[in-house]
Amino acid sequence: MTRRHLGRLGIALLALLGFPSTGHASIWDFIWTLSGPQMMGFPVHCEYDLENRKTECREFDRRFVGQLKARQERRVWLSIDTGPYFSTGKNSENIDFEAFRTWMVVVEPMVEIRSLTSPGGNFMLHHGLFGASYDVLFGPDFDTFDKMGLKFRPVGVTIYKKINASFTMRWYPHGFTSDEFGIGPRLPNRDRDSETVYGFNIGVLW
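When we follow our numbering, the leftmost residue of the sequence shown carries the number 2, and every step to the right adds one.
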């Protein structure tokens with residue numbers, strides 16, 4: 002990575018660590034519609050309770066920092082995901098993208114809200130109203146580059162207070178193109194169309 006990318010990423014990670022004190026993590030996050038390599042990751046997930054000003058963080062859905070009330074007892078919170086992603090080896094647009102040849106590190110804050118809780122709290126719906134995504138992509142076949150976009154979670158569910166799943170959308174004003182991954186001549190950013198990327202994540206608290 003270049004110093005510029007490392008500097009931006011370092012600032013974002015310091016902001017994450019600066020929260021006052023855990024949340025419901027994503028053991029597995031899958032991004033399947035990227036115009037480039039399909040990506041999979043295992044992010045660290047933190048949640049900050051905006052009312053009580055406390056934080057909780059999980060990795061592989063195991064809490065290692067703080068402790069919050071269950072989502073069923075909170076209305077609004079700030080979530081932050083960060084961590085590495087890697088290419089799965091699935092081809093895209095007739096281009097052969099090899100597994101583990103493309104890597105990505107993300108920092109993604111998002112404001113989320115609980116909309117529905119069943120009697121007894123065994124089923125809950127929540128939504129990511131507004132978020133951001135800062136991504137740094139690197140690998141042996143292309144120069145490191147970064148992307149900024151918006152992130153939304155149209156719907157997420159928590160079942161029996163342990164199983165979490167959600168559908169995500171990321172919108173990039175300058176989308177991904179094959180030249181960024183070392184295929185063909187490099188294009189200026191202004192020539193890249195916007196792109197919406199869809200994903201899915203799932204976790205089991207323990």
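Glycine included, C-beta positions come from ideal geometry on N, C-alpha and C.
Output the distance between the C-alpha atoms of Pro155 and Phe139, rounded to the nearest integer angstrom. Each residue's Cα considered, the two are about 29 angstroms apart.
Given a cut-off of 8 angstroms on the beta-carbon distance, is the pair Asn1 and Lys148 in contact? Residue 1 lies beyond the residue range present for the chain, which begins at 2 and ends at 207; the question has no answer from this structure.
Quick check: the region 73-81 against the region 113-129, are at least 3 beta-carbon pairs closer than 8 angstroms? yes
I'd like to check one pair, Pro44 with Thr83: are the Cβ atoms closer than 8 angstroms? yes
Would you mind reading off the limits of the beta strand (DSSP E) that contains Lys55? Taken as a continuous stretch (DSSP letters only), the beta strand (DSSP E) holding Lys55 covers 55-60.
Would you tell me roughly how many angstroms separate the C-alpha atoms of Val198 and Glu74, rounded to the nearest one? 31 angstroms
Please classify Gln39: is it buried, with 16 or more other beta-carbons within 10 angstroms of its beta-carbon, or exposed? buried
Contact check, Glu94 vs Ser36 under 8 angstroms by CB: the rounded distance? 7 angstroms between Cβ atoms; contact.
From the DSSP output, in three-state form, read off Asn165 for me. strand
Which of helix, strand or coil does DSSP assign to Phe182? helix
By how many angstroms is the C-alpha of Met125 removed from the C-alpha of Val106? 30 angstroms
Please go through the same chain and pick out, in chain order, the residues whose beta-carbon is closer than 6 angstroms to the beta-carbon of Ala166, but skip the five residues on each side of it. Only Val158, Ile203 meet the Cβ criterion.
Could you give the uninterrupted runs of the beta strand (DSSP E) lying entirely in the region 73-133, keeping only those of 3 residues or more? 77-88, 104-118
CA nearest to the CA of Thr118, picked from Ala71, Phe168, Phe143: Comparing Cα-Cα distances from Thr118 to each of Ala71, Phe168, Phe143, the minimum goes to Ala71.
Span of the beta strand (DSSP E), counted from its first residue to its last, around Gly176: Careful: Gly176 lies outside any beta strand (DSSP E) and carries neither H nor E.
Leu130: which of Phe146, Thr169, Trp104 sits nearest, CA to CA? Thr169
Could you give the C-beta distance for Leu206 and Asp62, rounded to a whole number, given that I count them as a contact under 8 angstroms? In this structure Leu206 is in contact with Asp62, their Cβ atoms being roughly 5 angstroms apart against a cut-off of 8 angstroms.
Assign Gly1 to buried or exposed, taking buried as 16 or more other Cβ atoms, counted over all protein chains shown, within 10 Å of its Cβ. Outside the displayed range of the chain (2 to 207) lies residue 1, so it cannot be described from this structure.
Candidates Asp30, Asn190, Ser195: which alpha carbon is nearest Glu109's? Asp30
So Asp144 is in the beta strand (DSSP E); what residue range does that whole segment cover? 143-160
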